[in-house]
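Scroll down for the structure; my scribbles are underneath it.
Residue numbers (my numbering): 104 to 530.
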């Protein structure tokens with residue numbers, strides 16, 4: 104497995120969560136700030152927002168007569184240009200109603216651009232305020248189904264978060280989410296798109312641990328499942344699962360801390376929704392939902408009133424991870440525990456030996472009493488038939504032999520003491 108040293112590029116560190124979305128409804132840019140139109144086809148109408156890689160403008164496609172969003176790459180860095188083109192190519196392949204559509208891409212007037220669907224809506228976290236948890240679950244299910252459509256084509260998003268999921272206008276839960284900004288996406292077979300210096304790309308508060316560590320081979324569908332879980336956590340609780348004073352502090356918490364269970368923040372939250380959320384946020388990818396489809400299906404079960412299949416990580420998994428994180432403390436504690444067990448073991452063995460001796464002594468006393476009684480009975484029987492006139496004594500002898508056989512069984516349980524009692528009986 105390839106491992107890169109995690110570093111945060113200036114783009115990620117300076118990239119606030121509010122950026123990176125094609126947001127309609129913002130006030131138009133001031134006169135003079137709109138660049139020259141890239142060609143006769145598009146008429147630029149105003150600035151919509153600034154993202155980590157470029158600026159997004161509202162525009163009109165003169166050829167088709169429809170509104171579009173034009174995203175222009177900021178700067179001329181070749182690596183950024185490659186990622187920009189990768190975003191357009193990856194997103195254009197996905198045909199799903201909950202994924203923002205890409206119509207065109209190219210370079211005009213010295214600037215690379217992407218023409219995409221103009222999404223008239225608001226960020227998912229803002230749209231979810233005041234919404235019932237069950238309706239938030241409906242939105243996440245739709246988002247997971249859209250992400251699954253991308254995964255089916257080998258496209259991993261890698262930057263799923265509330266600001267990259269817009270919600271179309273409408274009423275309540277009937278509004279539909281739309282996945283935006285595939286700027287960090289990569290396609291299977293084309294490499295993972297991380298920078299050559301090993302920089303960690305993404306948004307720390309929503310980044311999966313394997314992505315934060317730069318483990319290239321571990322990044323896949325379950326990485327996006329984590330991003331969906333982090334998004335769901337914020338929808339349910341009102342804040343991301345992990346925050347810190349700096350991006351590096353946030354990354355450290357992502358790597359080492361467990362999220363506060365949502366029901367500790369929202370006590371009346373349904374336990375099944377908490378379970379779904381925490382399963383997505385498992386540190387180990389293997390413990391998350393295997394796919395975005397599996398996540399969507401479990402949310403569907405919840406919405407249908409059926410039992411969910413997901414289970415939160417077991418205590419043993421959490422203890423094992425904690426042990427790996429604190430190997431030194433675990434070693435010292437283990438040595439101390441072994442010492443205590445050894446010392447306690449000697450005492451325990453002595454106590455058990457004493458109890459065993461008492462039990463064996465009591466058993467031998469009972470056997471001795473039984474054997475002594477039978478010895479007395481044999482003695483009395485022998486004296487009785489010997490006092491009789493001369494007669495055939497074979498029947499009495501057979502009875503004595505039978506008694507002696509029973510006495511022999513008792514003798515083995517008494518050792519030397521039994522041997523002495525039998526000899527006494529035999530005279």
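Even for Gly, the Cβ is constructed at its ideal location relative to N, Cα and C.
Because the structure is a prediction, the values reported are computed rather than measured.
Nearest-angstrom beta carbon gap, residue j and residue i [assumed within contact, 8 Å]
{"i": "residue 162", "j": "residue 147", "result": "5 Å"}
{"i": "residue 214", "j": "residue 172", "result": "Contact doesn't hold; Cβ gap of about 15 Å is too wide."}
{"i": "residue 265", "j": "residue 227", "result": "5 Å"}
{"i": "residue 380", "j": "residue 329", "result": "Between residue 329 and residue 380 the Cβ distance is about 11 Å, and since that is not below 8 Å, they are no contact."}
{"i": "residue 222", "j": "residue 269", "result": "5 Å"}
{"i": "residue 255", "j": "residue 193", "result": "Not a contact, Cβ separation roughly 13 Å."}
{"i": "residue 241", "j": "residue 406", "result": "6 Å"}
{"i": "residue 403", "j": "residue 244", "result": "6 Å"}
{"i": "residue 356", "j": "residue 314", "result": "Not a contact, Cβ separation roughly 14 Å."}
{"i": "residue 197", "j": "residue 258", "result": "6 Å"}
Reduced DSSP secondary structure (H/G/I, E/B, other) of residue i
{"i": "residue 185", "result": "helix"}
{"i": "residue 129", "result": "Residue placement at residue 129 is flagged as unreliable, the pLDDT there being 41, under the threshold of 50; the coordinate-derived value follows with that caveat. If DSSP states are grouped into helix, strand and coil, residue 129 belongs with coil."}
{"i": "residue 304", "result": "coil"}
{"i": "residue 209", "result": "strand"}
{"i": "residue 420", "result": "Only weak support is given to the placement of residue 420: the predicted model assigns it a pLDDT of 48, under 50, and the value that follows is read from those uncertain coordinates. Of the three classes helix, strand and coil, the one that applies to residue 420 here is helix, per DSSP."}
{"i": "residue 152", "result": "strand"}
{"i": "residue 339", "result": "helix"}
{"i": "residue 258", "result": "strand"}
{"i": "residue 503", "result": "helix"}
{"i": "residue 510", "result": "helix"}
{"i": "residue 147", "result": "strand"}
{"i": "residue 225", "result": "strand"}
{"i": "residue 220", "result": "strand"}
{"i": "residue 473", "result": "helix"}
{"i": "residue 214", "result": "strand"}
{"i": "residue 274", "result": "coil"}
{"i": "residue 237", "result": "helix"}
Own chain partners of residue i with C-beta closer than 6 Å, once the 5 adjacent residues on each side are dropped
{"i": "residue 511", "result": "none"}
{"i": "residue 247", "result": "331, 395, 398 and 399"}
{"i": "residue 249", "result": "199, 201, 202 and 282"}
{"i": "residue 362", "result": "344 and 384"}
{"i": "residue 195", "result": "205"}
{"i": "residue 157", "result": "174, 175, 176 and 177"}
{"i": "residue 251", "result": "395 and 396"}
{"i": "residue 120", "result": "Only weak support exists for where residue 120 lies, its pLDDT of 40 falling under 50; the value from the coordinates is given anyway. Contacts found: 266."}
{"i": "residue 239", "result": "231 and 338"}
{"i": "residue 218", "result": "171, 173, 206 and 207"}
{"i": "residue 368", "result": "340"}
Cβ neighbours of residue i in the same chain (closer than 7 Å, five flanking residues each side left out)
{"i": "residue 348", "result": "none"}
{"i": "residue 346", "result": "308 and 353"}
{"i": "residue 444", "result": "Caution applies to residue 444, whose pLDDT of 48 falls short of 50 and renders its modelled position unreliable; the model cannot decide the point."}
{"i": "residue 209", "result": "216"}
N-terminal and C-terminal residue of the beta strand (DSSP E) that residue i is part of
{"i": "residue 169", "result": "169–176"}
{"i": "residue 160", "result": "157–164"}
{"i": "residue 269", "result": "268–270"}
For residue i, the first and last residue of its enclosing alpha helix (DSSP H)
{"i": "residue 314", "result": "312–315"}
{"i": "residue 280", "result": "First-last for residue 280: 280–282, but that is the beta strand (DSSP E), not the alpha helix (DSSP H)."}
{"i": "residue 354", "result": "350–359"}
Chain-order list of residues whose beta-carbon lies under 8 Å from that of residue i (same chain, five-residue window excluded)
{"i": "residue 165", "result": "143, 144, 145 and 146"}
{"i": "residue 392", "result": "325, 328, 382, 383, 398, 401 and 413"}
{"i": "residue 272", "result": "223, 224 and 278"}
{"i": "residue 372", "result": "236, 339, 365 and 366"}
{"i": "residue 286", "result": "123, 154, 155, 156, 186, 187, 190 and 262"}
Could you pull out every unbroken alpha helix (DSSP H) segment of at least 4 residues lying fully inside the segment 364–406, listed in chain order?
-> 365–368, 374–383 and 395–406
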